[in-house]
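Following: one structure in structure tokens, then a few remarks.
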Amino acid sequence: VAVTREMRAALEAGSGLVAFYQPKVDLASGAVIGFEALARWKHPTRGLLAPASFSTVFDDPEIGVAVGTALRRQICADIVHWIGLGLNPGRVFINLSSAQFAQGDLAKSFLDDVACSGVPLGLIGVEVTETVLLAGSADRVNAVLQTLHAAGIRVALDDFGTGYASLTHLKQFPVDEIKIDRSFIRDLERDANDAAIVTAVLQLGRSLGLDVTAEGVETLEQATFLGQEGCTNVQGYLYGKPMAAERVPWFLRNRP
Ligand code: G
Ligand code: G
Ligand code: MN
Ligand code: NA
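What follows is the structure, encoded as structure tokens:
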């Protein structure tokens, strides 16, 4: 409750909430293929906060939508800035919350904001977790995702494998990409079950024609295993931690 009140004040002041960007990389070449936008709160007294300490605001029925909108507009402005510098950030993925699906017309406001910013739709993606898919009415969630997908925005299913109905969701919703949850990557070198699961998800992706991104890649050994199993897209501290928008141009200029 205190977090909500503080965040509302920060939103009204137009201060505090920022997007950080974590690179997604092509495993073979090391080229940047895009970024995931991750919220941070520049708190006046507590410093830079990660979502662990404020993530309740994303799903808050009163301010969740406003938080999502403020972040989305800022992300679009950041992309416009990078394009203006002659840089290509690849596709930037924005996380969506259940509050955003529950209220108003998310597809319309999302597409209006992107159009207004001038960012090409081909540079935008959305990430949804299974929790978000399960929170709202499936028809409503599906309608929003179909509209975004049809407009050229790619849809990634986040934290894949940790939910209750991963496979059903691939059938039910217009998913373009799955992200293998970090919990399966972490012990890849030691845990034969994790290795088998990762191999199976990569195979599933190939069979269904879906891109697969491995999340939370931290070691060369993990990257080597993933490469051998045919994984092309990777994200994790080995390639880059989430960075401030101001850092992204430097990062793009100093990568293959
Ligand atoms: O950045 P970090 O790894 O601490 O993020 C933790 C969690 O917070 C992740 O699961 C991420 O999906 C979620 N998260 C980060 N930014 C946003 C955002 O802008 N909107 C929503 N809904 N979730 C976010
Ligand atoms: O659930 P989602 O994938 O959106 O969450 C991304 C979260 O994972 C962010 O909080 C980000 O900071 C964190 N993260 C990204 N890469 C790594 C990594 O290689 N190792 C660890 N421990 N966390 C990571
Ligand atoms: Mn995510
Ligand atoms: Na994830």
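The sequence shown: position 51 = 57 (this note's numbering), numbered continuously. For glycine and all other residues, C-beta sits at the position ideal for the given N, C-alpha and C. These figures come from a predicted structure and were not determined experimentally.
Asked: Cα-Cα separation between Glu221 and Leu194, rounded to whole angstroms; Found: 12 Å
Asked: Whole-angstrom distance between Val223 and Ala198, CA atom to CA atom; Found: 17 Å
Asked: Coil, strand or helix - Glu133 by DSSP; Found: strand
Asked: Proximity below 8 Å, CB of Phe26 to CB of Pro248; Found: yes
Asked: Beta-carbon separation (whole angstroms), Leu154 vs Asp182, contact threshold 8 Å; Found: So it is not a contact: roughly 10 Å between Cβ atoms.
Asked: Cβ-heavy atom distance, Pro248 to ligand 1, below 7 Å; Found: yes
Asked: DSSP state of Asn148 mapped onto helix, strand, coil; Found: helix
Asked: Coil, strand or helix - Gly142 by DSSP; Found: coil
Asked: CB contact flag (Gln241, Glu42, <8 Å); Found: yes
Asked: Start-end ranges of the beta strand (DSSP E) lying completely within the stretch 154-225, minimum 3 residues; Found: 160-166, 183-186 and 217-220
Asked: For Ser104 and Asp65, believed in contact at Cβ under 8 Å, the rounded distance; Found: 5 Å
Asked: The stretch 87-98 in contact with the stretch 52-66 per 3-pair CB rule at 8 Å; Found: no
Asked: Anticipated Cβ contact below 8 Å, Phe179 with Asn148, distance rounded; Found: 6 Å
Asked: Sequence-distant residues of its chain with Cβ nearer than 8 Å to Gly74 (five each side left out); Found: Phe64, Leu102, Ser103, Ala105 and Gln106
Asked: Asn239 versus Arg196 - alpha carbon distance; Found: 22 Å
Asked: Residue range of the unbroken beta strand (DSSP E) whose run includes Asp65; Found: Premise fails: Asp65 is in no beta strand (DSSP E) and is neither H nor E.
Asked: Distance cut-off 7 Å: Glu227 Cβ against heavy atoms of ligand 3; Found: no
Asked: Cross-strand partners of Met249 (DSSP beta bridge); Found: Tyr27
Asked: Cross-strand partners of Gln241 (DSSP beta bridge); Found: Lys30
Asked: Three-way DSSP call (helix, strand, coil) for Val7 in this model; Found: coil
Asked: Neighbourhood of His175 by C-beta distance below 8 Å, restricted to the same chain and skipping five residues each side; Found: Glu136, Leu139, Leu163, Gly169 and Val181
Asked: beta-carbon Gly242 near ligand 2 non-hydrogen atom, thresh 7 Å; Found: yes
Asked: Alpha-carbon to alpha-carbon, Leu151 and Ala141; Found: 14 Å
Asked: Residue burial classification, Cys122 (beta-carbon count within 10 angstroms, cutoff 16); Found: exposed
Asked: For ligand 3, residues whose Cβ lies under 6 Å from any non-hydrogen atom; Found: Glu42, Asn101, Glu133 and Asp164
Asked: Limits of the alpha helix (DSSP H) - the one that Ala113 falls within; Found: Leu112 to Ser123
Asked: Per-residue burial, Pro126 [other beta carbons within 10 Å of its own, 16 or more giving buried]; Found: exposed
Asked: According to DSSP, residues forming a beta bridge with Val98; Found: Phe41 and Ile130
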